[in-house]
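Working notes, beginning with the structure itself.
Protein chains: 2
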Amino acid sequence: MTVLPDLITSAGNPLIKMLRALERKKTRSETGLFLVEGVRLIEQALAQGWEIDTLVVSTSGAERSFVADLMQRAASSGARLVQVPDRIAGSIAKKDNPQAVIAAIKQRELALDRLDAQHPGIWIGLYECRDPGNLGTILRTADCADVAGVVMIEQCCDPYSVEAVRASMGSLFDVRLALSDFETFNAWRKTAGLNMVAASVNGGTSHVGVDFEQPSVILMGNEQAGLPDAIEAECDTLCLIPMRGGADSLNLAQATAIMLYEGWRQRGFA
Amino acid sequence: MTVLPDLITSAGNPLIKMLRALERKKTRSETGLFLVEGVRLIEQALAQGWEIDTLVVSTSGAERSFVADLMQRAASSGARLVQVPDRIAGSIAKKDNPQAVIAAIKQRELALDRLDAQHPGIWIGLYECRDPGNLGTILRTADCADVAGVVMIEQCCDPYSVEAVRASMGSLFDVRLALSDFETFNAWRKTAGLNMVAASVNGGTSHVGVDFEQPSVILMGNEQAGLPDAIEAECDTLCLIPMRGGADSLNLAQATAIMLYEGWRQRGFA
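Chains as they are written, first to last, in my numbering: chain A, 1 to 270; chain B, 1 to 270.
This is the structure we're talking about:
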């Protein structure tokens, strides 16, 4: 049976106001929802079992058959369907796309104890990662390299921000992700027997000299400040990514990719 | 002798209008100038011998001693000094920073034949790289890995855009950079004896199976479309960066970093 969308034509409607406010962290925290724009990303979320709370389509968007199809699948999984005039859809989507399709999706818990510490893959720890573009890019790379999971430590940017979701290209829906304070994380990784390897300017060996065949977590510091001394002191290995030119440092996502692919190379990409 | 800045207080002044228009590619092409914001980046440009055409400081910015020092050094190297009210400086800098310091710097030629094809480092070729954030990030990583140079091939984004300059974190001023059509580039690299290695979904070997100890150019395709078949057919080696998770592909800058650091690893980071 075809489910028909609710039609909303007023920009002042409370639901529309709430959806627009989801660009703010505060509203995302209060509602437990986040925005995902575009059919491809929404399909990925559905395929990975994420729950769509509300699916909003513009009048022009709803006319396309693959959008109609997505709407029915979202409705079967319990989503509310809403159709709005193109200009209202555009105001939620920020990008002024008349064919906009936007989902408000339910956030998942980020508790560390939900993750399987015995997963054989490499772990990534991000200490105070502040740039959502970096976070999303790292999630995408982590997904490609089939990591065990990504743990955001202390004050990180919000993985449910529009920018992080977009940069992740849907990998946010795939990657096992958690948020933790450092102390809890450190106890957890010790119990799991994970060797904690940090990239640091204080590193004594290059990253290719690290033994990544051991169960490992790669710990990466903040974009500006790196890792505090007290955190470095907790690491088993500090390594240095070789640099020789004029640049001071690598971008955080670049450094993470270089560490991760070296680790995975040592494991024969298994 | 201290050089005093010209004071401009009208937002309608032609120089101010031109500086503001430098955010557009058209104006950058017509004037041969580009904008660099912030003392640190401008210092780097000066240190690398780039010519500052005009240095603009806000009233608040000019009061700081290190800005006054930069102004004198810029003046000695031939720059025109201009002081403007904070709000006008902010309108050029886009970021509303009352202490803004902005330079209009002369672009350099991007001719391929200016580069030393016999340089011992690894080369990077970017085919139709369209995202200035990716381009800037790649320049930063290329700088860290001390590459021989970066060649932008066919229709690439502008390395002199504000976004590319910012993402490069000043590496734009360090890295040997050229722009070329593919045919000229391909002839040039053949003459130089460079093995052309492309990352491609059609690759037969993984990137760690490539012999990067040979003189090499790493060729990376467009963000959306990768490399056209006809370009891949010209390559000596097509390799695949291993991927196993749910993501379709790596971000271009991430893939470039992984290829480059593998190549540099094989060379013992020499």
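Backbone N, C-alpha and C fix where the C-beta goes; we use that ideal spot for every residue, glycine too.
Checklist entry - Whose Cβ in chain B lies nearer than 7 angstroms to the Cβ of residue 144 (chain A)? => result 243, 245, 247, 250
Item to check | Closest Cα partner of residue 52 (chain B) within the set B:81, B:63, B:14 | outcome: B:81
Item to check | Segment contact, 8 angstroms Cβ cut-off, at least three pairs: the segment 255–270 of chain B with the segment 178–193 of chain A | outcome: no
Checklist entry - Which stretch, first to last residue, makes up the beta strand (DSSP E) that contains residue 216 (chain B)? => result 216–220
Item to check | Residues that residue 34 (chain B) bridges to, as DSSP identifies them | outcome: B:105
Checklist entry - With contact counted as at least three CB pairs below 8 angstroms, one residue from each stretch, are the segment 111–130 of chain B and the segment 85–95 of chain B in contact? => result no
Next on the checklist: Tell me which residues share the same chain as residue 168 (chain A) and place their Cβ nearer than 7 angstroms to its Cβ, disregarding the 5 neighbours each side in the sequence.
Outcome noted: 136, 139, 140
Item to check | Rounded straight-line distance, which links the Cα of residue 35 (chain B) to that of residue 166 (chain B) | outcome: 10 angstroms
Item to check | Inter-residue spacing [alpha-carbon to alpha-carbon] between residue 22 (chain A) and residue 222 (chain A) | outcome: 26 angstroms
Item to check | Cβ distance (whole Å) where residue 83 (chain A) is taken to contact residue 5 (chain A) below 8 angstroms | outcome: 4 angstroms
Item to check | Whole-angstrom C-beta distance between residue 153 (chain B) and residue 218 (chain B), which should lie under 8 angstroms | outcome: With a Cβ gap of about 12 angstroms, residue 218 (chain B) and residue 153 (chain B) do not count as contacting.
Checklist entry - Is residue 198 (chain A) close to chain B, meaning its C-beta is less than 9 angstroms from at least one C-beta of that chain? => result no
Next on the checklist: Just to confirm my understanding: we take residue 71 (chain B), look at its own chain, exclude 5 residues before and 5 after, and list those with CB closer than 8 angstroms. What are they?
Outcome noted: 3, 5, 55, 57, 62, 81
Checklist entry - In three-state terms, what does DSSP make of residue 1 (chain A)? => result coil
Next on the checklist: Taking the beta carbon of residue 212 (chain A) as the centre, do at least 16 other beta carbons fall within 10 Å, making it buried, or is it exposed?
Outcome noted: buried
Checklist entry - Any beta-carbon of chain B closer than 9 angstroms to the one on residue 269 (chain A)? => result yes
Checklist entry - Taking Cβ positions only, does residue 257 (chain A) come closer than 9 angstroms to chain B? => result yes
Item to check | Close Cβ partners of residue 49 (chain B) (< 8 angstroms) along its chain, the five nearest in sequence each way excluded | outcome: none
Item to check | Pairwise C-alpha distance: residue 264 (chain A) and residue 145 (chain A) | outcome: 7 angstroms
Checklist entry - So which residues of chain A does residue 253 (chain B) contact, with C-beta pairs closer than 9 angstroms? => result 137, 251, 253, 254, 257
Checklist entry - Assuming residue 73 (chain B) and residue 46 (chain B) make a contact with CB atoms under 8 angstroms, what is their CB distance in whole Å? => result 6 angstroms
Next on the checklist: As a quick exercise: from A:174, A:147, A:148, pick the residue whose alpha carbon is nearest that of residue 159 (chain A).
Outcome noted: A:174
Checklist entry - Thinking C-beta only, is residue 176 (chain B) closer than 9 angstroms to residue 149 (chain B)? => result yes
Next on the checklist: Taking CB distances under 9 angstroms as the criterion, tell me whether residue 193 (chain B) reaches chain A.
Outcome noted: no
Next on the checklist: Which residues in chain A have a C-beta closer than 9 angstroms to the C-beta of residue 174 (chain B)? List them in chain order.
Outcome noted: 245, 246, 247
Item to check | Neighbourhood of residue 33 (chain B) by C-beta, 7 angstroms cutoff - its chain only, sequence neighbours within 5 removed | outcome: 22, 53, 104, 105, 106, 107
Next on the checklist: Tell me the residue span of the alpha helix (DSSP H) that contains residue 168 (chain A).
Outcome noted: 162–168
Next on the checklist: Cutting at 6 angstroms between CB atoms, please list the residues of its own chain near residue 209 (chain B), excluding the five before and the five after it.
Outcome noted: none
Checklist entry - Assuming residue 115 (chain A) contacts residue 198 (chain A) under a Cβ cut-off of 8 angstroms, what Cβ separation, rounded to an integer in Å, is found between them? => result About 20 angstroms separates the two Cβ atoms, so there is no contact after all.
Checklist entry - In the DSSP assignment, what residue or residues form a beta bridge with residue 186 (chain A)? => result According to DSSP, which records beta bridges pairwise, residue 186 (chain A) is partnered with nothing at all.
Item to check | Any chain D beta carbon closer than 9 angstroms to residue 265 (chain A) | outcome: Going by chain labels, chain D is absent from the structure shown, which instead holds the protein chains A and B.
Checklist entry - Just how far apart, CA to CA, sit residue 125 (chain A) and residue 235 (chain A)? => result 12 angstroms
Item to check | Identity of the residues DSSP links to residue 177 (chain A) by a beta bridge | outcome: A:150
Checklist entry - When the cut-off is 9 angstroms and only beta carbons count, does residue 217 (chain A) lie next to chain B? => result no
Item to check | chain B contact for residue 237 (chain A) (CB, 9 angstroms cutoff) | outcome: no
Checklist entry - Of the choices A:259, A:183, A:26, A:39, whose alpha-carbon is the least far from that of residue 68 (chain A)? => result A:39
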